[in-house]
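The listed protein sequences correspond, in order, to chains A and B. The numbering used here numbers the first residue of the first sequence as 1 and each following residue consecutively. The numbering used here numbers the first residue of the second sequence as 1 and each following residue consecutively. Quick reminder that beta carbons are idealized off the backbone N, C-alpha and C, glycines included. See structure below.
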Amino acid sequence: MGYKHFEPADYLQSMRLSIIWGEKLGVKDEDHWSCPTLMTIKAALEITDYCYRYPDAEKTSLSDVSLSMGAGECICLSGPSGSGKSTLLLAVKDLLKGGEASGTIRLAGSVGNQGVGIVFQNAETQLLCTTVKDEVAFGPENQRRTAKDIEMAVRESLNLVGLSGFETRNVEQLSAGEKQRLAIASVLSMSPGFLLLDEPTAQLDVPGKERLVQILRGLKDKGHTLLIADHDLKPFSALADRFLIIESGRISRACDKLPLPFPTPAPYQPPQENHTADPSGDALIHLKDLYLSGTNGHPVFGGINVEFYRGTLVHVLGQNGAGKSTLLRCIAGQIRPDGGRIHVSGIRKLKPDALLGKMSFLFQNPERQLFEETVTAEVAFSLKRLGLPSQLIHTRVMEALSLCEADHLRNRSPLTLSFGEQHRVALASVIAPSPDILLLDEPFAGLDFPQRHRILRILARLREERTTMVLMASHENLPDENWADRTLLLEGGKLEAV
Amino acid sequence: MKTGPTGPCYWRVENLKQFEFKGKLGSIGNAFQYRANTSPIHRLGAGWKLLLCGLLAALAIAAREPWALATLVGANLVFYFSARLRLSDFWRDIRIFLFQMVIITGLYVIKYGAEEGLWPGIRTGSQIFLMFLPGTVFLRTTKGSQIMRSLKRIMSERLSFILFTSFRFIPFFAREFHEIAMAQRLRGANIAPRRLWNPVHWKDLFNCLMIPLMVRALKTAKEAALSAEARGFGERN
Numbered sequence: 001m002g003y004k005h006f007e008p009a010d011y012l013q014s015m016r017l018s019i020i021w022g023e024k025l026g027v028k029d030e031d032h033w034s035c036p037t038l039m040t041i042k043a044a045l046e047i048t049d050y051c052y053r054y055p056d057a058e059k060t061s062l063s064d065v066s067l068s069m070g071a072g073e074c075i076c077l078s079g080p081s082g083s084g085k086s087t088l089l090l091a092v093k094d095l096l097k098g099g100e101a102s103g104t105i106r107l108a109g110s111v112g113n114q115g116v117g118i119v120f121q122n123a124e125t126q127l128l129c130t131t132v133k134d135e136v137a138f139g140p141e142n143q144r145r146t147a148k149d150i151e152m153a154v155r156e157s158l159n160l161v162g163l164s165g166f167e168t169r170n171v172e173q174l175s176a177g178e179k180q181r182l183a184i185a186s187v188l189s190m191s192p193g194f195l196l197l198d199e200p201t202a203q204l205d206v207p208g209k210e211r212l213v214q215i216l217r218g219l220k221d222k223g224h225t226l227l228i229a230d231h232d233l234k235p236f237s238a239l240a241d242r243f244l245i246i247e248s249g250r251i252s253r254a255c256d257k258l259p260l261p262f263p264t265p266a267p268y269q270p271p272q273e274n275h276t277a278d279p280s281g282d283a284l285i286h287l288k289d290l291y292l293s294g295t296n297g298h299p300v301f302g303g304i305n306v307e308f309y310r311g312t313l314v315h316v317l318g319q320n321g322a323g324k325s326t327l328l329r330c331i332a333g334q335i336r337p338d339g340g341r342i343h344v345s346g347i348r349k350l351k352p353d354a355l356l357g358k359m360s361f362l363f364q365n366p367e368r369q370l371f372e373e374t375v376t377a378e379v380a381f382s383l384k385r386l387g388l389p390s391q392l393i394h395t396r397v398m399e400a401l402s403l404c405e406a407d408h409l410r411n412r413s414p415l416t417l418s419f420g421e422q423h424r425v426a427l428a429s430v431i432a433p434s435p436d437i438l439l440l441d442e443p444f445a446g447l448d449f450p451q452r453h454r455i456l457r458i459l460a461r462l463r464e465e466r467t468t469m470v471l472m473a474s475h476e477n478l479p480d481e482n483w484a485d486r487t488l489l490l491e492g493g494k495l496e497a498v
Numbered sequence: 001m002k003t004g005p006t007g008p009c010y011w012r013v014e015n016l017k018q019f020e021f022k023g024k025l026g027s028i029g030n031a032f033q034y035r036a037n038t039s040p041i042h043r044l045g046a047g048w049k050l051l052l053c054g055l056l057a058a059l060a061i062a063a064r065e066p067w068a069l070a071t072l073v074g075a076n077l078v079f080y081f082s083a084r085l086r087l088s089d090f091w092r093d094i095r096i097f098l099f100q101m102v103i104i105t106g107l108y109v110i111k112y113g114a115e116e117g118l119w120p121g122i123r124t125g126s127q128i129f130l131m132f133l134p135g136t137v138f139l140r141t142t143k144g145s146q147i148m149r150s151l152k153r154i155m156s157e158r159l160s161f162i163l164f165t166s167f168r169f170i171p172f173f174a175r176e177f178h179e180i181a182m183a184q185r186l187r188g189a190n191i192a193p194r195r196l197w198n199p200v201h202w203k204d205l206f207n208c209l210m211i212p213l214m215v216r217a218l219k220t221a222k223e224a225a226l227s228a229e230a231r232g233f234g235e236r237n
């Protein structure tokens with residue numbers, strides 16, 4: 001693999017490349033020299049005609065990628081799932097094992113590989129130690145720095161991400177946003193000049209994203225070079241110097257203003273016949289005076305009263321930790337509230353056996369529920385448990401796969417599918433029994449915008465064709481604001497209409 | 001809204017995390033996890049603690065009479081609570097051992113009958129429980145970095161890192177286990193605890209729960225290894 005450190009003598013060449021980038025951005029010569037961003041840059045990274053193919057893969061994940069990045073610059077990279085964003089970051093950090101690579105990746109001598117830090121997409125699995133302090137000290141200890149140096153690095157890094165005072169805290173006690181900040185601190189403690197971030201906003205709510213951008217702004221001001229890969233570029237609009245779009249392993253677009261990464265489909269138009277709440281019919285879900293308190297006595301729900309009717313599309317919005325997942329679990333009978341009543345389809349005693357076929361639940365990361373050898377068997381699982389005749393099972397499986405635009409996958413193994421495909425197969429497996437109610441917890445995690453729109457379209461069809469009531473909980477607004485009939489905000493233990 | 005340790009967001013999050021572990025499948029979510037404190041046990045060096053825990057565990061193997069086991073239970077309780085650990089921590093740590101005690105005693109009774117099998121069953125179950133209990137005090141009172149340093153004296157750095165990191169992921173996999181079980185039960189899998197008394201349903205336990213859990217474990221191990229490598233772990237070994 002053509003990976004080597006970029007010697008200072010190569011700076012001139014990289015400056016030329018920066019000028020080429022300036023020309024590509026439509027900056028004239030005289031503008032170029034007066035442009036502060038391009039004026040001050042010294043190339044920190046230069047990628048030339050880089051191609052990479054994973055072991056046993058048919059197609060290359062990266063093809064002829066060329067990129068020059070100045071020191072202190074911030075570039076945001078976006079593109080569909082599987083387009084090669086994460087692979088590019090791994091290539092820069094030299095973490096790709098095996099496979100075939102060609103082209104060159106050069107890092108400035110001042111950066112070197114030790115100076116590149118990478119924050120992965122899933123903060124949960126990249127934290128390796130039990131306490132915050134140990135986690136942040138892990139990198140500097142591997143660099144064999146002195147105890148005094150490590151102590152200082154830990155203090156400074158935690159201070160930079162606003163986690164001072166958390167040193168002895170167990171990482172399990174942190175919120176999603178705090179874990180993300182800790183993951184950044186654990187990389188910053190190694191003093192990298194160059195920071196790579198892979199989908200850093202995926203698990204964060206709006207305040208969490210704002211806090212993250214604030215931290216990244218501080219790092220940029222201190223001279224860190226930032227390469228960020230994310231589906232949602234909006235939070236970085238004021239931070240990034242350039243935006244790149246990567247499609248099918250190639251950088252297809254570059255611009256200095258926030259691009260529209262993907263064509264946005266037309267907003268959802270509900271059918272003429274209005275399915276919204278019809279108080280004359282019986283409510284499918286009825287929550288009355290729902291109270292729930294945590295182990296330390298603080299209220300999680302402080303008296304929720306709400307009714308949901310057949311054929312409605314409901315979106316429950318709330319920040320991380322507001323209790324969205326807990327609310328869905330209460331409705332599914334998995335958590336018993338301290339007070340109040342929950343009636344689902346007229347059932348008062350909520351048990352999985354009683355709810356089978358009437359209510360389905362799609363959890364976050366739905367690929368976790370896949371286990372069968374073929375997609376068809378996976379979708380048929382619940383139907384077999386309902387004791388339906390085999391002909392009816394076959395018909396229902398085909399219908400569900402067709403509705404979820406996954407019929408072409410029916411003979412594939414679920415575990416070999418892409419993330420988006422697994423998502424649709426998991427959805428097909430829960431809607432196959434034609435439930436009256438479908439609950440979805442953070443269904444957009446890890447999906448790009450076209451896939452999110454696709455999921456919304458499928459759910460809308462489900463309502464139109466089967467009058468299913470869909471209740472979805474997420475920490476961010478829906479990509480299509482027209483989709484939901486009712487949007488409710490869960491905040492401070494109360495559920496209120498937006 | 002505040003997001004710091006004293007802000008309302010904070011208590012809500014912690015509250016929910018603890019709440020999520022309330023479930024029929026058990027609450028080992030926060031078991032065996034380090035709890036910061038300034039107790040005498042916390043201040044004791046990791047090597048001394050390891051020695052003390054080893055001694056208590058060895059005594060558990062040797063103890064066979066009821067009075068010896070009762071004395072050892074008392075000694076372990078003194079050891080546990082002098083670390084200023086809470087009763088809720090104790091419950092989380094011991095429930096899995098209580099479960100094994102019930103199974104072992106049950107198997108003894110099935111094989112030898114109630115009269116002959118009851119006491120040997122209770123004794124063996126108690127010995128296993130008392131062998132592991134000092135270890136939970138060690139994990140509860142010793143920081144990861146201290147554990148690593150102590151383990152490195154008796155095994156390679158790479159092996160001690162694997163062992164130490166696996167403790168970190170206990171709560172993570174407990175959550176995964178609970179989530180996957182919940183999802184599969186709603187799809188019709190027969191994995192409710194009372195159904196698992198019937199061996200016919202063990203197939204569901206393997207297919208619907210263990211396979212997704214294993215897939216998840218492999219993925220997590222890969223991500224954790226990548227994170228360790230990215231932070232220079234392999235380079236110094």
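Within a Cβ cutoff of 7 Å, which residues of the same chain sit near residue i, ignoring the five residues on either side of it in sequence?
{"i": "P192(A)", "result": "G115, V116, G117"}
{"i": "A322(A)", "result": "L490, E491"}
{"i": "R216(B)", "result": "E176"}
{"i": "R463(A)", "result": "H275, G311, L313, V470"}
{"i": "S175(A)", "result": "N320, G321"}
Between the options, which has its C-alpha nearest residue i's C-alpha?
{"i": "W119(B)", "options": "N207(B), P66(B), I41(B), W48(B)", "result": "P66(B)"}
{"i": "L186(B)", "options": "Q451(A), R385(A), P299(A)", "result": "R385(A)"}
{"i": "A63(B)", "options": "S227(B), F129(B), L226(B)", "result": "F129(B)"}
{"i": "H453(A)", "options": "A266(A), P299(A), S474(A)", "result": "A266(A)"}
{"i": "A428(A)", "options": "L438(A), C404(A), G420(A)", "result": "C404(A)"}
{"i": "Q121(A)", "options": "A238(A), D480(A), P200(A), K234(A)", "result": "P200(A)"}
For a test of the three-state rule: what should DSSP assign to residue i, helix, strand or coil?
{"i": "L209(B)", "result": "helix"}
{"i": "S78(A)", "result": "strand"}
{"i": "N76(B)", "result": "helix"}
{"i": "P55(A)", "result": "coil"}
{"i": "L478(A)", "result": "coil"}
{"i": "M469(A)", "result": "strand"}
{"i": "K288(A)", "result": "strand"}
Is the beta carbon of residue j closer than 9 Å to that of residue i?
{"i": "A229(A)", "j": "S86(A)", "result": "yes"}
{"i": "V171(A)", "j": "T130(A)", "result": "yes"}
{"i": "G303(A)", "j": "D282(A)", "result": "no"}
{"i": "V161(A)", "j": "R181(A)", "result": "yes"}
{"i": "S61(A)", "j": "G84(A)", "result": "yes"}
{"i": "V300(A)", "j": "T326(A)", "result": "yes"}
{"i": "L195(A)", "j": "H224(A)", "result": "yes"}
{"i": "F138(B)", "j": "F97(B)", "result": "no"}
{"i": "R368(A)", "j": "E179(B)", "result": "yes"}
{"i": "A71(A)", "j": "V136(A)", "result": "no"}
Which residues in the same chain as residue i place their Cβ atom closer than 6 Å to its Cβ, once the five residues preceding and following it in sequence are excluded?
{"i": "H231(A)", "result": "D448"}
{"i": "L440(A)", "result": "L362, M472"}
{"i": "A183(A)", "result": "V119, A123, Q126"}
{"i": "R250(A)", "result": "S63"}
Under 8 Å Cβ to Cβ from residue i, same chain only, skipping five residues before and after it: list those, please.
{"i": "L383(A)", "result": "L392, I393, R396, V397, A432, P433"}
{"i": "L388(A)", "result": "R396"}
{"i": "V73(B)", "result": "S126, L130"}
{"i": "L456(A)", "result": "Y268, L478, P479, D480, W483"}
So residue i contacts chain A; which residues on that side make the cut at Cβ distance below 8 Å?
{"i": "F167(B)", "result": "T130"}
{"i": "A217(B)", "result": "Within 8 Å Cβ-Cβ: nothing; A217(B) doesn't reach chain A, min ~11 Å."}
For the ligand FMN, is there a heavy atom less than 8 Å away from the beta-carbon of residue i?
{"i": "V137(B)", "result": "Of the ligands one can find in the structure shown there are none, so the ligand FMN has no counterpart to examine."}
What does residue i reach in chain A if we use C-beta pairs closer than 9 Å?
{"i": "M182(B)", "result": "R329, A332, Q334, P352, F361, F363"}
{"i": "Q100(B)", "result": "The contacting residues do not exist; Q100(B) stays about 24 Å from chain A at best."}
Which bits of chain B does residue i rub up against, with CB to CB less than 7 Å?
{"i": "I118(A)", "result": "A230"}
{"i": "G139(A)", "result": "R231, G232"}
{"i": "N159(A)", "result": "Within 7 Å Cβ-Cβ: nothing; N159(A) doesn't reach chain B, min ~14 Å."}
At a CB-CB cut-off below 7 Å, which residues of chain A make contact with residue i?
{"i": "Q33(B)", "result": "T130, N170, E172"}
{"i": "A36(B)", "result": "T168"}
Which chain B residues sit within Cβ distance under 9 Å of residue i?
{"i": "R503(A)", "result": "Outside the displayed range of chain A (1 to 498) lies residue 503(A), so it cannot be described from this structure."}
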